[in-house]
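First comes the structure, then the notes that go with it.
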Amino acid sequence: MGANKKAKGQQIKGKAKEAAGKATGNERLKAEGRAEQTKGQARETAEDFKDTVTGTARGFGDSRD
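In our numbering, the protein residues as written are 1209 to 1273.
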């Protein structure tokens, strides 16, 4: 779960950067913010996938009778 929190934090940080860039008219800061949000979303997706695969693998192990 720690990695998902990191991913959410990265997304929030990116939103803040993007908002600051919009407020100041700084295109570079806006772009950095969007990139950071995307990285956070990708990290979150990867962690969710990993959790799903791990859960599925455990399910196969438990179903042996």
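The beta carbon of each residue, even a glycine, is placed where N, CA and C say it ideally should be. Quick caveat, the model's predicted, so the values are computed rather than measured.
Distance between Lys1213 and Asp1256, taken at the CA atoms: about 12 Å. Per DSSP, Asn1234 is not a residue of any alpha helix (DSSP H), being assigned neither H nor E. With distances taken between CA atoms, Glu1240 lies nearest to Ala1227 out of Glu1252, Arg1251, Ala1227 and Ala1250.
Relative to Ala1243, the option among Lys1258, Ala1224, Thr1260 and Phe1268 whose CA is nearest is Ala1224. For the pair Lys1221 and Glu1252, the CB atoms are not nearer than the 8 Å cut-off.
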